[in-house]
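Asks:
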Amino acid sequence: MDQQLAEKLTLICESIQRSLEVDSVLLSIPGANGLSSVVSDSDAPIGSFADPTMGSETPDGRPDPVFVEEDVSSNAESSEYLLTLGYSDIRFYAELAVQGARNDQIALVRIMDAQPRQFGVTQRTMFRRLSLLIRQAMEGRLIPDQPSIDPTTLVQSICRAQELLLNPTDCQSAYDTLLKSILSLTHSPMGFIGSVSHDAMDGSFIKLLALSDEPQCPQGAALLKRIQREGMVFRRLDNLLGAAISEGRVVISQDLANDTRIRGFPKGHPSLSTYMGIPVFSGESVIGLIGLADRPEGYTQELADELKPLSQTVGMLIDRHRLKIETARNERRVERARNYDALTCLPSGPMLTKRLMREVHEADRAGSSLSVCIIDVDGFKRINDRFGQACGDEVLKTIALRLKNAIRPRDLVAKLRGDEFLVTLRDANAGPSAYRRLLSAIAEPIAGPSTTFALSASMGVTVYPLDQSDPDILLRHASLALYRAKESGAGQFVTFDIDDHEARREQRRILESIETGFKRSEFQLFYQPRINFRTGAVDGFEGLIRWNHPERGLLLPYDFLGATESTKYESVLGNFVIRTALTTLRQFEADDQRYTISINISPHHFLADDFIPALQAHLRGVSTQLRRRLVLEVLESTAIEDVSTATHTVEACQALGVTVSLDDFGTGFSSLTYFRDLPVDEIKIDKSFVMGMLGNPSDRAIVESIVSLSKRFNRRVVAEGVETKALAQALRKLKCDFGQGYYFSVPLPLDEALAWADEFSNRR
87 MDQQLAEKLT
97 LICESIQRSL
107 EVDSVLLSIP
117 GANGLSSVVS
127 DSDAPIGSFA
137 DPTMGSETPD
147 GRPDPVFVEE
157 DVSSNAESSE
167 YLLTLGYSDI
177 RFYAELAVQG
187 ARNDQIALVR
197 IMDAQPRQFG
207 VTQRTMFRRL
217 SLLIRQAMEG
227 RLIPDQPSID
237 PTTLVQSICR
247 AQELLLNPTD
257 CQSAYDTLLK
267 SILSLTHSPM
277 GFIGSVSHDA
287 MDGSFIKLLA
297 LSDEPQCPQG
307 AALLKRIQRE
317 GMVFRRLDNL
327 LGAAISEGRV
337 VISQDLANDT
347 RIRGFPKGHP
357 SLSTYMGIPV
367 FSGESVIGLI
377 GLADRPEGYT
387 QELADELKPL
397 SQTVGMLIDR
407 HRLKIETARN
417 ERRVERARNY
427 DALTCLPSGP
437 MLTKRLMREV
447 HEADRAGSSL
457 SVCIIDVDGF
467 KRINDRFGQA
477 CGDEVLKTIA
487 LRLKNAIRPR
497 DLVAKLRGDE
507 FLVTLRDANA
517 GPSAYRRLLS
527 AIAEPIAGPS
537 TTFALSASMG
547 VTVYPLDQSD
557 PDILLRHASL
567 ALYRAKESGA
577 GQFVTFDIDD
587 HEARREQRRI
597 LESIETGFKR
607 SEFQLFYQPR
617 INFRTGAVDG
627 FEGLIRWNHP
637 ERGLLLPYDF
647 LGATESTKYE
657 SVLGNFVIRT
667 ALTTLRQFEA
677 DDQRYTISIN
687 ISPHHFLADD
697 FIPALQAHLR
707 GVSTQLRRRL
717 VLEVLESTAI
727 EDVSTATHTV
737 EACQALGVTV
747 SLDDFGTGFS
757 SLTYFRDLPV
767 DEIKIDKSFV
777 MGMLGNPSDR
787 AIVESIVSLS
797 KRFNRRVVAE
807 GVETKALAQA
817 LRKLKCDFGQ
827 GYYFSVPLPL
837 DEALAWADEF
847 SNRR
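Following my numbering, the numbering of the sequence shown begins with 87 at its first residue and continues without gaps.
Pasting the structure below:
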């Protein structure tokens, strides 16, 4: 192998070893006398042992010529191959076949290391780029036969430039290093590297990226300071500096003193003797300029050609620098779009969340309150639909400006979605008057292109720290309050009620648990005996629902029935009670027991349109005799809600053979009207009157009146709340028909209730 070529290749291999940080690099080259090796000796064949195109692709989708084994020990074939070469301690291996101009293999580069390592896209690209220098050196294109520059120094500079390009280094350091190398290689005292930029106002200009050391003359030092103040920019290019850019070729001047093109140089520029401008290309476009000056022996085209690998590297650096700048600019645009509303320029998205968190933190620090207000423009969609989105956008911008003017500088206005705005108001002064001020600001007429808009807005407010929630939850609570404000009518504000919210949340939790409880058969009926005062026998039972909750134990109706009011679960539970009562009545009939069962039906369920059809379905196949033993207890308040529907439903139940009882009688209004108009079979006296009748003459008078009226209207009468023997005796004297209460028995599971009834009958 030619000694000069061997030196070049050795320098390139050392650069590969240094750049990729591997233990060794082996370059094998075929020749007339067989294989030649660079860096280390090897008898390895020129062909690779594996398919170099397997398993990976370059970023542009072409097969990757780099073969990599990141951990040789994990591949038996690779490990065996390296053992045959005498490399028993190698854990990492990569190779690249270098292709010539005729696509023939002219060299094989191998890199090895004693430790396994990851070899990703960046490392593969670096390996391919550095290996390309081998091809250029072997084809004589890297350095001409009679170079103007020392070949060894030039190869070192080219390798160093490739390392700068491929490593994620700081661009400024790379430009400075490249300029110093070029100045040193060409023996030029002065020079610069610049990028070519364009703007609509001034056209093309040069932005200096690297500049030789500060001039020694006072004029040159002053010029440099001025250029630095102006941003390192040369804007006038109708001179020697701009010639290489406009002509797209190397421009050389060996006698600047008599070159008319220097007249356009900046005022105060030091005198120069010789100059060469090398255009830097990206594809067909000039994107940069390398300017060199005052080389004693002058400049030639051949010198520029020798510098071509370095000028190409400068072009790649400028491209990468521009891509980095454009990427950063795009990232800033994207970041602003994420954090600020494009229309109103108000904070939104993540920035809104950050600002709200800061407001909450400031409220904590100052020990003050923070009103979080969400404002929605009433009927805004109609503006967009009728006048177009452009008009709607102008309205939103006007509202945003008015809100900013209506608050103090320390308060926050931000943009939510659509036509919703967020306003936060600090300290205790943010009360109803401040809320009304915000709504009034929006309500001021807004002049449009063809009409004047008279708007209103609704607002939901939650106040921190009364509402001790995270910022996201504060927004949710303000949104809930806004929803209720919208329900109240246009132009209203509603403050979030944390107690009401907690009650609603508890209701939702209970309803979800009820759903699960039905699936797990956690509900059952307990039975409280009802005594016939005339005979002293057990007449029947009241079926009372209980919930065997897996965590809270046995729950009574008041623990969960309140949550079901005005929901579908009222009828779900009611139908369950009816089905269970009918099942128990069938069991009584099978055992020849003539007990009745009374069950409670909620007003909402009883008055529902589907109550009678559902009851008909439950009673299908049930005998008339058994139906009479089912007693439906409805509250007196049921009739207050809708007398007509209540009357109709009572009559429909009776037509189906079911007994109806008016429960808690005496606690409602117009009770005499119900006696007359409601065709119920039974009156049940509220326990509050029963329990107080022995000590309160008024309660006794009420009980006596209800019993008397019931007899006159031919209604059975039941007293609940019989807690003592004295109460039972007093009710019996008043000729009350039935009684139930703890004096007789607490509600019991069915088996225990039947056992109690048997024992009670035996005691008679």
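All C-beta atoms in this analysis are idealised placements derived from N, C-alpha and C, irrespective of residue type, glycine included.
1) List the residues that DSSP assigns as beta-bridge partners of G374.
2) Just to confirm the assignment: which complete beta strand (DSSP E) runs, minimum length 3, are found wholly within the segment 484-560?
3) Just mark T399 as buried or exposed, buried being the case when its beta carbon has 16 or more other beta carbons within 10 Å.
4) For S652, which three-state DSSP category applies?
5) Mind checking whether I788 and G827 have CB atoms under 7 Å apart?
6) Any idea if L642 is buried or exposed, counting beta-carbon neighbours within 10 angstroms, 16 or more meaning buried?
7) I believe L693 touches A732 by the beta-carbon criterion, under 8 Å. Please report the beta-carbon distance rounded to the nearest angstrom.
8) Specify the secondary structure class of A183 as computed by DSSP and reduced to three states.
9) In terms of residue numbering, what span does the beta strand (DSSP E) encompassing R459 cover?
10) If distances are taken between C-alpha atoms only, which option among V744, D677, S730 and P689 comes closest to R706?
11) So, for E845: in the same chain, excluding its five sequence neighbours on each side, which residues have a beta-carbon less than 7 Å away from its beta-carbon?
12) Looking at the strands, I want to know which residues DSSP matches up with W633.
13) Could you tell me the distance, in whole angstroms, from the CA atom of F761 to the CA atom of G622?
14) If the criterion is Cβ atoms closer than 7 Å, does the pair L442 and P551 meet it?
15) Taking a contact to mean a Cβ-Cβ separation below 7 Å, would you say F627 touches I683 in this structure?
16) Assuming A223 contacts K94 under a Cβ cut-off of 8 Å, what Cβ separation, rounded to an integer in Å, is found between them?
17) Identify the continuous beta strand (DSSP E) that holds Q222 and give its terminal residues.
18) Should the segment 531-540 be regarded as contacting the segment 565-583, the criterion being three or more beta carbon pairs within less than 8 Å?
19) For a quick check, are the C-beta atoms of Y829 and E806 less than 7 Å apart?
20) Using a Cβ-Cβ cut-off of 6 Å (strictly less than) and excluding sequence neighbours within five positions of A540, which residues of its own chain qualify?
21) Per DSSP, which residues does I685 bridge with? Please list them.
22) Leaving out five residues before and five after D345 in sequence, what residues of the same chain have Cβ atoms less than 6 Å from its Cβ?
23) Any idea what DSSP makes of S756, helix, strand or coil?
24) From A816 to D772, what does the alpha carbon distance come to, in whole angstroms?
25) Please classify E637: is it buried, with 16 or more other beta-carbons within 10 angstroms of its beta-carbon, or exposed?
26) Assuming L327 and G377 form a contact by the criterion Cβ under 8 Å, report the distance between their Cβ atoms to the nearest whole angstrom.
27) Suppose you measure from the CA of G474 to the CA of V463; what does that come to, to the nearest Å?
28) To the nearest angstrom, report how far apart I220 and D199 are at their CA atoms.
29) Leaving aside the five residues before and after D175 along the sequence, list all residues of the same chain whose C-beta is less than 7 Å from its C-beta, in chain order.
30) Kindly identify the DSSP beta-bridge partner or partners of A379.
31) Can you find the residues in the same chain that come closer than 6 Å, C-beta to C-beta, to A379, ignoring five residues on each side of it along the sequence?
32) For the segment 471-485 against the segment 582-601, do three or more pairs of beta-carbon atoms, one drawn from each stretch, fall closer than 8 Å, so that the two count as touching?
33) Could you spell out where the beta strand (DSSP E) holding E768 opens and where it closes?
34) How many angstroms separate the CA atom of F135 from the CA atom of A193?
35) Going by C-alpha to C-alpha distance, which of R335, V458, A452 and L112 sits closest to L438?
36) When you compare only the Cα positions, how much space is there between D837 and L764?
Replies: According to the data block:
1) One-based indexing of the sequence shown puts residue 374 at position 288. Partner(s): S281 and V366.
2) For the segment 484-560, whole beta strand (DSSP E) runs of length 3 or above, ordered along the chain, are 498-501, 506-512 and 543-550.
3) Numbered from 1 along the sequence shown, position 313 holds the residue referred to as residue 399. Buried is the label assigned to T399, since at least 16 other Cβ atoms lie within 10 Å of its Cβ.
4) Stepping through the sequence shown from its first residue, residue 652 is reached at position 566. In the structure shown, S652 sits in coil (DSSP, three-state: anything other than H, G, I, E or B).
5) The sequence position of residue 788 within the sequence shown is 702, counting from 1. The sequence position of residue 827 within the sequence shown is 741, counting from 1. No. Outside cutoff.
6) Numbered from 1 along the sequence shown, position 556 holds the residue referred to as residue 642. For L642, the number of other beta carbons within 10 angstroms of its own is below 16, and it is reported as exposed.
7) Start at 1 with the first residue of the sequence shown, and residue 693 comes out as number 607. Start at 1 with the first residue of the sequence shown, and residue 732 comes out as number 646. With a Cβ gap of about 7 Å, L693 and A732 count as contacting.
8) Taking the first residue of the sequence shown as position 1, residue 183 is located at position 97. For A183, the secondary structure class from DSSP, reduced to helix, strand or coil, is strand.
9) In the sequence shown, residue 459 corresponds to position 373, counting from 1. In the sequence as presented, Arg is not what sits at residue 459; that position holds Cys. The continuous beta strand (DSSP E) containing C459 extends over residues L456 to V463.
10) As a working note, residue 706 is residue 620 in the sequence shown. The shortest Cα separation from R706 among V744, D677, S730 and P689 belongs to V744.
11) The count along the sequence shown starts at 1 and reaches residue 845 at position 759. Non-local beta-carbon contacts of E845 in its own chain, meaning distances under 7 Å to residues more than five positions away in sequence, are absent.
12) Residue numbering aside, residue 633 sits at position 547 when the sequence shown is read from its first letter. W633 pairs with F609 and L641.
13) The residue labelled residue 761 in the question sits at position 675 within the sequence shown. The residue labelled residue 622 in the question sits at position 536 within the sequence shown. If you take the alpha carbons of F761 and G622, they lie about 27 Å apart.
14) Taking the sequence shown and counting its residues from 1, the one referred to as residue 442 is at position 356. Taking the sequence shown and counting its residues from 1, the one referred to as residue 551 is at position 465. No, Cβ-Cβ distance for L442 and P551 is not below 7 Å.
15) By 1-based counting over the sequence shown, the position of residue 627 is 541. By 1-based counting over the sequence shown, the position of residue 683 is 597. A contact, by the Cβ cut-off of 7 Å.
16) Along the sequence shown, one-based indexing puts residue 223 at 137. Along the sequence shown, one-based indexing puts residue 94 at 8. That pair is a contact at about 5 Å.
17) Along the sequence shown, read from residue 1 onward, the residue named residue 222 stands at position 136. No beta strand (DSSP E) holds Q222; the alpha helix (DSSP H) holding it covers V207 to M224.
18) A contact between stretches requires three or more CB pairs, one per stretch, nearer than 8 Å, and the segment 531-540 fails this requirement with the segment 565-583.
19) Taking the sequence shown and counting its residues from 1, one reaches residue 829 at position 743. Taking the sequence shown and counting its residues from 1, one reaches residue 806 at position 720. Cβ distance not < 7 Å, so Y829 and E806 don't count as in contact.
20) Along the sequence shown, one-based indexing puts residue 540 at 454. Within the same chain, A540 has close Cβ partners P531.
21) The sequence position of residue 685 within the sequence shown is 599, counting from 1. Residue pairing by DSSP puts I685 in a beta bridge opposite G629 and L718.
22) Working through the sequence shown from its first residue, we reach residue 345 at position 259. Result list for D345: S339, in chain order.
23) Here the question's residue 756 lines up with position 670 in the sequence shown. Note that S756 has pLDDT 44, beneath the 50 cutoff, so the model's placement of it is unreliable and the number below is only indicative. Coil.
24) Along the sequence shown, one-based indexing puts residue 816 at 730. Along the sequence shown, one-based indexing puts residue 772 at 686. A816 and D772: Cα-Cα distance of roughly 16 Å.
25) The sequence position of residue 637 within the sequence shown is 551, counting from 1. Taking all protein chains in view, the Cβ of E637 is surrounded by fewer than 16 other Cβ atoms within 10 Å, so the residue is classified as exposed.
26) Locating residue 327 in the sequence shown gives position 241, counting from the first residue. Locating residue 377 in the sequence shown gives position 291, counting from the first residue. With a beta-carbon spacing of about 7 Å, L327 and G377 fall inside the 8 Å limit used to define contacts.
27) If you number the sequence shown from 1, residue 474 lands on position 388. If you number the sequence shown from 1, residue 463 lands on position 377. In a straight line, the C-alpha of G474 is about 16 Å away from that of V463.
28) Translated into the one-based positions of the sequence shown, residue 220 becomes position 134. Translated into the one-based positions of the sequence shown, residue 199 becomes position 113. The alpha-carbon atoms of I220 and D199 are separated by roughly 21 Å.
29) One-based indexing of the sequence shown puts residue 175 at position 89. A200, listed in sequence order.
30) Here the question's residue 379 lines up with position 293 in the sequence shown. Residue pairing for A379: DSSP places it in a beta bridge opposite M276 and Y361.
31) Here residue 379 is taken as the residue at index 293 of the sequence shown, counted from 1. Close CB contacts of A379 within its chain, under the 6 Å cut and outside five residues either way in sequence, are with M276, L358 and Y361 (chain order).
32) Contact check between the segment 471-485 and the segment 582-601: fewer than three CB pairs, one atom from each, fall below 8 Å, which does not count as touching.
33) Position 682 of the sequence shown, counted from the start, is the residue given in the question as residue 768. It spans E768 to I771 - the beta strand (DSSP E) in which E768 sits, taken as one unbroken run.
34) Against the sequence shown, residue 135 aligns to sequence position 49. Against the sequence shown, residue 193 aligns to sequence position 107. The predicted position of F135 is uncertain, since its pLDDT is 40 and thus under 50; no value can be drawn from it.
35) Along the sequence shown, read from residue 1 onward, the residue named residue 438 stands at position 352. Distance check between L438 and each of R335, V458, A452 and L112 places V458 closest, using alpha-carbon atoms only.
36) Position 751 of the sequence shown, counted from the first residue, corresponds to residue 837. Position 678 of the sequence shown, counted from the first residue, corresponds to residue 764. When rounded, the distance between both Cα atoms is 36 Å.
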